[in-house]
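S.K.: Before we start, here is the structure in question, set down as structure tokens.
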Amino acid sequence: MTPGPVEVSPRVLSALAQPVIYHNYPGFVELFDEATQKLRRVFRLSSSSSDVLILQGEGVLGLEASVLCSVNPGEKVIVLENGPFGKWFGEFVKNAGGIPVYFHEENNAQFSDEKAFAFLEEHQDAVAITLVHCETPAGIINPPQAICKKAKSLGMLTIVDCVASLGGVDFRPSEWGIDLAVSASQKCLSAPSALTPMTVSEFAWERIEKKKKNPIRVSYLSLLDWKETWLKSKRFPFTPFTSEMNALSAALDEILEEGIENVLNRHQDVSKFCRTKAKNMGLKLWPLEEKFCSPTVTALTLPESQEDSKIIEWMAKKHGILIGAGYRELKGHVLRIGHMGYQAQRSFVAATMDALDDVIAKS
């Protein structure tokens, strides 16, 4: 019950165990193409808006590629941050030779549209913004809709990390003015950790193609390589992960068969159930307000005099349930329950919270 990698279903495990296939075999090319079409439905894209890529690597590959392929040295990028992953975008900007300008919010609160608008107006010379939809270390869900539309009105590229939200939270990149939306297979999609589903808008392609200095080509990070091979001729720039693609395809089938709205409602229901159980146990939510809480992960304030490492150790040893600790600056301050994808089931959360109650009481 961690915030990812998450449990996967028996159906997905079975798909992962299929015989390894040659990646240029027409059957695999068709499977890969069908997976991108399934992702269009999960991303809720219109028929003509944005391309879908599936990078062959964990989600950080897409986050880094989005920045390095679109930002020139010396260009300013607004980095909205209220947690470790938001801040991490700033490192990608530095790697590209860009200048990160941080819009800070406390790590127990979500971004304010009004404050963000004022910051964007103040830094209109920025070429792009970055934002994390679900800041998993803090259990916070951030609102990208109005902020990204405002950035677009100022001519900025919008890059959004939806790693821990796609498939668990309503997310509509084409409607919300998001140019590059980057997810990952091991979170709400409930597949093994290996793949990066992402969307690329026409405006993003223009920025990427016009990158003046150090264009990223013939590289694992190159989005243009994927455009030149996959999008134009259904070829691959290198050998893709065939087994993991089988698993992702099966995971997407499960989501679409259940229905997107049903999946999102299940995550909302289970997250509320988790928070209610926590409050009934006398535990405090880390986010300042419940409306800030993510439907995919619940962050709880670590009880005073308790050690997170001991709680996690005894949860695993005594009850066979693994939960998450704090990450980076939140280490030693929070406990995290991941209820996303296959894990978003009331029975799983009930067992987890009962075990947590037992361990805390006896610690």
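Going left to right, the sequence shown walks through residues 1 to 363 as this note's numbering numbers them.
Built from N, CA and C at the ideal position, the CB exists for glycine as well.
Quick check on the DSSP output: the alpha helix (DSSP H) that includes M315 runs from which residue to which?
M.R.: Within the sequence shown, residue 315 is the residue found at index 315, counting from 1. Looking at the DSSP string, the run of the alpha helix (DSSP H) that includes M315 is D308 to H319.
S.K.: Terminal residues of the continuous alpha helix (DSSP H) containing A17?
M.R.: Reading the sequence shown from its first residue, position 17 is the one you call residue 17. No residue range can be given for A17, since it is assigned to no alpha helix (DSSP H) and is classified by DSSP as neither H nor E.
S.K.: Give me whichever residues DSSP pairs with R336 in a beta bridge.
M.R.: As a first step, residue 336 is located in the sequence shown; it is residue number 336 there, counting from the start. Partner(s): A299 and G324.
S.K.: Using the rule of at least 16 other Cβ atoms within 10 Å of the residue's Cβ for burial, across every protein chain shown, is G139 buried or exposed?
M.R.: As a first step, residue 139 is located in the sequence shown; it is residue number 139 there, counting from the start. That one is buried.
S.K.: On the DSSP letters alone, give me the boundaries of the alpha helix (DSSP H) that P84 sits inside.
M.R.: For the purposes of this step, residue 84 is identified with residue 84 of the sequence shown, where counting begins at 1. Start and end: P84 to N95.
S.K.: Helix, strand or coil: how does DSSP classify D125 here?
M.R.: The sequence position of residue 125 within the sequence shown is 125, counting from 1. In the structure shown, D125 falls within a coil segment according to DSSP collapsed to helix, strand and coil.
S.K.: From this set, V6, L31 and V12, which residue's C-alpha is nearest T242's C-alpha?
M.R.: The residue you call residue 242 lines up with position 242 of the sequence shown. Comparing Cα positions, the closest option is L31.
S.K.: Rounding to the nearest angstrom, what Cα-Cα distance links K232 and S46 in this structure?
M.R.: For the purposes of this step, residue 232 is taken as the residue at position 232 of the sequence shown. For the purposes of this step, residue 46 is taken as the residue at position 46 of the sequence shown. Looking at the two C-alpha atoms, the distance is approximately 20 Å.
S.K.: Going straight from the alpha carbon of R346 to that of K277, what length do you get?
M.R.: If you number the sequence shown from 1, residue 346 lands on position 346. If you number the sequence shown from 1, residue 277 lands on position 277. Going by the C-alpha atoms only, they are around 11 Å apart.
S.K.: Of all the options L322, V334, Y327 and M245, which has the alpha carbon lying nearest to the alpha carbon of K284?
M.R.: Numbered from its first residue, the sequence shown carries residue 284 at position 284. Nearest of L322, V334, Y327 and M245 to K284, Cα basis: V334.
S.K.: Alpha carbon to alpha carbon, what distance is there between G4 and H339?
M.R.: What you label residue 339 is simply residue 339 of the sequence shown in a count that begins at 1. What you label residue 4 is simply residue 4 of the sequence shown in a count that begins at 1. Computed Cα separation, rounded: 9 Å.
S.K.: Return the Cβ separation of K76 and G98 in integer angstroms, given the expectation that the two are a contact with Cβ distance under 8 Å.
M.R.: Residue numbering aside, residue 76 sits at position 76 when the sequence shown is read from its first letter. Residue numbering aside, residue 98 sits at position 98 when the sequence shown is read from its first letter. For K76 against G98, the beta-carbon gap comes to about 7 Å, under 8 Å, which counts as contact.
S.K.: Output the distance between the C-alpha atoms of G57 and A194, rounded to the nearest integer angstrom.
M.R.: The sequence position of residue 57 within the sequence shown is 57, counting from 1. The sequence position of residue 194 within the sequence shown is 194, counting from 1. Using only the alpha carbons, I get a separation of about 5 Å.
S.K.: Enumerate in chain order the residues of its own chain whose CB-to-CB distance from S222 is below 8 Å, with the five nearest sequence positions on each side excluded.
M.R.: Position 222 of the sequence shown holds residue 222. Closer than 8 Å at the Cβ level, and outside the excluded window around S222, lie A65, C69, I216 and P237.
S.K.: I think F119 touches I78, with their Cβ atoms under 8 Å apart; what is that distance to the nearest whole Å?
M.R.: By 1-based counting over the sequence shown, the position of residue 119 is 119. By 1-based counting over the sequence shown, the position of residue 78 is 78. Right, their Cβ atoms sit about 7 Å apart.
S.K.: Can we say the stretch 18-33 touches the stretch 150-159, given the rule of at least three CB pairs closer than 8 Å?
M.R.: no
S.K.: Just tell me which of G27, Y342 and A355 has its CA closest to the CA of G167.
M.R.: Here residue 167 refers to the residue found at position 167 when the sequence shown is read from its first residue. When only C-alpha atoms are compared, the closest one is Y342.
S.K.: Does V182 come out as helix, strand or coil in the three-state DSSP assignment?
M.R.: Locating residue 182 in the sequence shown gives position 182, counting from the first residue. The answer is strand: DSSP assigns V182 an E or B state.
S.K.: Rounded C-beta distance between P197 and S183? I'm assuming under 8 Å.
M.R.: Numbered from 1 along the sequence shown, position 197 holds the residue referred to as residue 197. Numbered from 1 along the sequence shown, position 183 holds the residue referred to as residue 183. About 5 Å separates the beta carbon of P197 from that of S183, a gap short enough to meet the 8 Å contact definition.
S.K.: Below 8 Å between beta carbons: does that hold for M1 and L322?
M.R.: Taking the sequence shown and counting its residues from 1, the one referred to as residue 1 is at position 1. Taking the sequence shown and counting its residues from 1, the one referred to as residue 322 is at position 322. Contact: yes.
S.K.: Note down, in chain order, each residue of its chain lying with its Cβ closer than 8 Å to the Cβ of W226, except the 5 sequence neighbours on either side.
M.R.: Against the sequence shown, residue 226 aligns to sequence position 226. Here the set comprises L53, L55 and P237.
S.K.: Go ahead and pull the three-state DSSP assignment for M156.
M.R.: If you number the sequence shown from 1, residue 156 lands on position 156. M156 falls in the coil class under three-state DSSP.
S.K.: Do three or more CB pairs link the stretch 6-15 to the stretch 247-254 at distances below 8 Å?
M.R.: yes
S.K.: Using CA atoms only, rank isn't needed, just tell me which of M245, F348 and L356 is closest to V6.
M.R.: Here residue 6 corresponds to residue number 6 of the sequence shown, with the count starting at 1. Closest by alpha carbon: F348.
S.K.: List the residues that DSSP assigns as beta-bridge partners of P100.
M.R.: The residue you call residue 100 lines up with position 100 of the sequence shown. For P100, which the question treats as bridged, DSSP gives the partners V77.
S.K.: Could you name the residues that DSSP lists as bridge partners for L330?
M.R.: As a working note, residue 330 is residue 330 in the sequence shown. Bridge partners of L330: none, in fact.
S.K.: What number of angstroms, rounded off, separates the C-alpha of W286 from the C-alpha of N142?
M.R.: Counting from 1 along the sequence shown, the entry for residue 286 is found at position 286. Counting from 1 along the sequence shown, the entry for residue 142 is found at position 142. Those two C-alpha atoms are separated by around 15 Å.
S.K.: Considering Cα atoms alone, identify which of L180, A191 and L356 is closest to I208.
M.R.: Here residue 208 corresponds to residue number 208 of the sequence shown, with the count starting at 1. When the alpha-carbon of I208 is set against those of L180, A191 and L356, the nearest one is in L180.
S.K.: Per DSSP, what are the beta-bridge partners of T229 in this structure?
M.R.: Stepping through the sequence shown from its first residue, residue 229 is reached at position 229. Answer is none; T229 lacks a bridge partner.
S.K.: Taking 8 Å as the CB-CB cut-off, is H104 touching chain C?
M.R.: As a matter of chain content, chain C is missing from the structure shown, which is built from one protein chain.
S.K.: Where does M1 fall in DSSP's three states?
M.R.: As a working mapping, residue 1 is identified with position 1 in the sequence shown. Coil at M1, not helix or strand.
S.K.: Can you tell me whether DSSP reads P197 as helix, strand or coil?
M.R.: Taking the sequence shown and counting its residues from 1, the one referred to as residue 197 is at position 197. Correct three-state label for P197: strand.
S.K.: Does the Cβ of H133 have 16 or more other Cβ atoms within 10 Å, making it buried, or fewer, making it exposed?
M.R.: What you label residue 133 is simply residue 133 of the sequence shown in a count that begins at 1. Classification of H133: buried, given that the 10 Å Cβ count is 16 or more.
S.K.: So, with DSSP's three-state summary, where would you put C134?
M.R.: By one-based count along the sequence shown, residue 134 stands at place 134. Note: C134 maps to strand in three-state DSSP.
S.K.: Can you tell me whether N373 is buried or exposed? The criterion is at least 16 other CB atoms within 10 Å of its CB, across all chains shown.
M.R.: The structure shown does not extend to residue 373, since the chain is modelled only from 1 to 363, so the question has no answer here.
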